[in-house]
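Residue numbers (the numbering used here), protein chains in the order written: chain A, 5 to 512; chain B, 667 to 1015. Ideal placement from N, C-alpha and C gives every residue a C-beta, glycine not left out. Below is one structure, written out as structure tokens; comments come after it.
Shown next as structure tokens:
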């Protein structure tokens, strides 16, 4: 399997974040012309390992070789770059206000003090063509699509001389058609002799583009298989240590919800903010025991709709009623206290305090529930949160670790554990399965089904139509801040909803 | 990771915090070294200057007691900075809040001088707190309403407060006993905070230590502290989680200003015994540096306040022994600040 000497080799890598053992990797190597997938569920340690390889984290222990026999230390991304290791992060690290070539120039080590923009652009040109990056290099990066931004990231790494390229869940930010382009690029880079480390938790991507698959679980590599030896079943077995749970997404026919009216929006218009989509004349109803799906290309008012319901944005016109009461001017505090839970799209930015511990984060947002003297009843809190975690079937989180060191998936779990702990009556969920691996996502969707059965009203915003079709009792499509169409389960077809999302057909 | 240490709730028990304390000490020493170079450039003898300082400060109980006297207002003004900093607020207004505390406490002392001591001193303490609190409440309200950044408003109010004090001591409160020197009449004995024996160490030191302990307890042990740290760590999430952010901002600023006001009350009541101009040699600003260098930790504040008390004595002593103006203290403090900035910048890499 490894007749070529590896481009990069690591052994005995250990990394702890406080009480959390993030990595304990005995052996990892990548050779020239090879695509190695790092597969594992959220928090398995994939990103951590790669950030160590890129010098972003310092490991507690570990040895690294770039050329066999000569150990190297990778103490910083600077070192990594010098050794020919490049990494493309999940959240791309470009400066939107600067142009493509300026972003590339910033990254180059051998940049002369007087930059010749034309010369640099010429240097970029051949590579840009190979990556099929057709945008004018003088365009600011902020104007590019996410797919093109990713290409700029790859381009700058290659131009800086990267031989090993680490891609951290590169398809997470891409539209489906952009993914194909990425896979083509990966195949070409591989043919040129680059080594590519591909982090993912999506099985089908592994089968498309990897030569070898290393499966991670609890910070360890639990198995490495050549692709032709791997099947979805064997990989799933390695990822989870046991067979995957039954498919929670099986659609079922349900009678129309007849519960009490939980939420009514009547002719809502919101104040447009910079960079946001204003809502126009938006009316909807949501009953207890009902799931209202909200589909749409992201950026069409989903976030604004959620914030308006949660009281974080004011309505310019129209009325909002919660359980029949006029809640148009209620504060976020009052709305929360009334039993509205929120699962935001970006847990780290809007639901977690990274500098506080997991335990402290769980204590926030509970109003006065755990008040005990001047302090908090930590014992009761821990018991409730433990119950919530068990209901969600999440693995335990380290209570004393700072939330900042949790993986993205575990941060999402923390938020879900807290938000669903106290039998909310209305749940506003934005892309709740984004960042969760398949098993956790299925468990969560299954739980949403149970919440509905228990009489909870759910507003589910998602970009995954399968997910929406499986769960929704009704589905609305948002486009440009308006409801572009309403669908009932009988008409849940991608052929009908899809065109409505992009605006090529009129829907019922 | 290090940059978030200020948020670390367990404060001082962690090895990282201890390491920070050592680093802070090293910074202080480096500052003294650089200051020595400047003294040499000026033709002075830094070794003698430092030796004189050491002998004066640690050589006898009087010198040491004076250190504690200087440390007293610093403890209070640094708590006034540390508390809002946990919510991500930057209170640069300790100086103004100090003056307004002194001013309102004086108003009490002059208005009802006939009160017995057990009534007058609590009244003045309260008024000192209220004066500072009101002076910080305004920036707090403006910030909570998202109108004016609190850093700017607290800083600008620093220039207003001493002028209010000046207006009163030049005008309505001007003492008749001395026409040449603007100051208020002397307080009655009942308006003087008791001192320890023959020293100038006064009850204000206890105020400082109690406020500091309360601050540490509030932050690490109460749910208000937890919510304030949440606001400092992620204000956006805190709003979404239903934490009354605006209320906390207003309350934290007001309480902080009140604590700085206590420092002013202590100085007029115990040290001066009357309201005078130039009451503070920059205690408010020094408190800012102390709190900042200490990273908000309680023990760190005690250590740094002590260090700054030493620094400000250096100024006094140099003035006496080497004829250097007291203002060189500002130079020394600027050097310390500069080195800290450089050191923090290095640690972030």
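Contacts of residue 298 of chain A in chain B (Cβ-Cβ under 7 Å): Close to residue 298 of chain A, with beta-carbon spacing below 7 Å, lies no residue of chain B; the smallest spacing is near 19 Å.
Amino acids of chain E, ordered along the chain, whose beta-carbon sits closer than 7 Å to that of residue 413 of chain A: Considering every chain present, this structure includes no chain E. Its protein chains are A and B.
Proximal chain B residues relative to residue 357 of chain A, where beta-carbon distance stays under 8 Å: Those within 8 Å of residue 357 of chain A in chain B are 895, 896, 899, 900, 903, 904.
Contact set between the stretch 903–931 of chain B and chain A, restricted to residues whose Cβ is under 8 Å from the partner: Answer in chain order: 903, 904, 905, 906, 907, 908, 909, 910.
Helix, strand or coil at residue 58 of chain A [DSSP, three-state]: For residue 58 of chain A, the secondary structure class from DSSP, reduced to helix, strand or coil, is coil.
Cα-Cα separation between residue 392 of chain A and residue 819 of chain B, rounded to whole angstroms: Approximately 45 Å, taken between the alpha carbons.
Sequence-distant residues of its chain with Cβ nearer than 7 Å to residue 109 of chain A (five each side left out): Correct list, in chain order: 115, 119, 124.
Proximity of residue 353 of chain A and residue 332 of chain A at Cβ, strictly below 7 Å: Between residue 353 of chain A and residue 332 of chain A, the CB-CB gap reaches or exceeds 7 Å.
Beta-carbon neighbours of residue 371 of chain A, restricted to chain B and to distances below 8 Å: Going along chain B in sequence order, the residues near residue 371 of chain A (Cβ under 8 Å) are 908.
Reference residue 50 of chain A; option with closest CA among A:482, A:415, A:104, A:222: Cα-wise, what sits closest to residue 50 of chain A is A:222.
Proximal residues to residue 167 of chain A (C-beta, below 7 Å), its chain only, five neighbours per side dropped: Once the five neighbours on either side are set aside, the close Cβ partners of residue 167 of chain A are 11, 88, 198, 199.
As assigned by DSSP and simplified to three states, the class of residue 160 of chain A: Residue 160 of chain A: helix per DSSP, three-state reduction.
Boundaries (first-last residue) of the alpha helix (DSSP H) holding residue 791 of chain B: Unbroken alpha helix (DSSP H) run through residue 791 of chain B: 783–810.
Coil, strand or helix - residue 313 of chain A by DSSP: DSSP places residue 313 of chain A in helix when its eight states are reduced to three.
Closest by C-alpha distance to residue 372 of chain A, when choosing among B:911, B:792, B:863, B:889: Looking at the Cα atoms, B:889 is the closest of the given residues.
Proximal residues of chain A, C-beta to C-beta of residue 888 of chain B below 8 Å: Residues of chain A passing the Cβ test: 378, 379.
Status (buried if at least 16 other CB within 10 Å, exposed otherwise) for residue 692 of chain B: Classification for residue 692 of chain B: exposed.
At least three beta-carbon pairs within less than 8 Å, the stretch 915–924 of chain B to the stretch 956–974 of chain B: Counting Cβ pairs under 8 Å, fewer than three are found: no touch.
Proximal residues of chain B, C-beta to C-beta of residue 18 of chain A below 8 Å: Correct list: empty, because the minimum Cβ distance to chain B is about 17 Å.
Per DSSP, cross-strand counterpart(s) of residue 465 of chain A: Per DSSP, A:298, A:434.
Alpha helix (DSSP H) runs contained entirely in the stretch 698–752 of chain B, provided each spans 4 or more residues: When DSSP assignments are scanned along the stretch 698–752 of chain B, the uninterrupted stretches of alpha helix (DSSP H) that are 4 or more residues long and fall wholly within it turn out to be 712–724, 727–751.
Nearest-angstrom Cα separation, counted from residue 414 of chain A out to residue 247 of chain A: Note that residue 247 of chain A has pLDDT 45, beneath the 50 cutoff, so the model's placement of it is unreliable and the number below is only indicative. Approximately 21 Å between the Cα atoms of the pair.
Contacts of residue 402 of chain A in chain B (Cβ-Cβ under 9 Å): In chain order: nothing, as chain B lies at least about 16 Å away.
C-beta atoms of residue 764 of chain B and residue 930 of chain B nearer than 7 Å: It is a contact, given that the beta carbons lie within the stated cut-off.
Whether residue 766 of chain B touches residue 798 of chain B by CB criterion (7 Å): Cβ distance < 7 Å, so residue 766 of chain B and residue 798 of chain B count as in contact.
Where residue 201 of chain A falls: helix, strand or coil (DSSP): Correct three-state label for residue 201 of chain A: strand.
Segments assigned alpha helix (DSSP H), at least 4 residues, entirely inside the stretch 124–187 of chain A: Counting whole runs of 4 or more residues, the stretch 124–187 of chain A contains the alpha helix (DSSP H) stretches 150–163.
Same chain, Cβ closer than 6 Å to residue 250 of chain A, five either side skipped, listed in chain order: Model confidence at residue 250 of chain A stands at a pLDDT of 41, short of 50, so the residue's coordinates are unreliable; what they give is reported in the following sentence. For residue 250 of chain A, where only same-chain residues beyond five positions count, there are no Cβ hits under 6 Å.
Whole-angstrom distance between residue 479 of chain A and residue 490 of chain A, CA atom to CA atom: Going from the Cα of residue 490 of chain A to the Cα of residue 479 of chain A covers about 6 Å.
As assigned by DSSP and simplified to three states, the class of residue 398 of chain A: In this structure, residue 398 of chain A counts as coil in the three-state DSSP scheme.
Min CB distance residue 218 of chain A to chain B below 7 Å: By this cut-off, residue 218 of chain A is not an interface position.
8 Å Cβ cut-off: residues of chain A touching residue 892 of chain B: Near residue 892 of chain B (Cβ distances below 8 Å), the residues of chain A are 360, 364, 367, 368, 380.
Coil, strand or helix - residue 208 of chain A by DSSP: Note: residue 208 of chain A maps to helix in three-state DSSP.
Inter-residue spacing [alpha-carbon to alpha-carbon] between residue 290 of chain A and residue 60 of chain A: Approximately 46 Å between the Cα atoms of the pair.
Interface residues of chain B facing residue 336 of chain A [CB-CB closer than 7 Å]: Counting only Cβ-Cβ distances below 7 Å, residue 336 of chain A has contacts in chain B at 905, 906, 908, in chain order.
Alpha carbon of residue 695 of chain B to alpha carbon of residue 824 of chain B, nearest angstrom: Residue 695 of chain B and residue 824 of chain B have their C-alpha atoms spaced approximately 30 Å apart.
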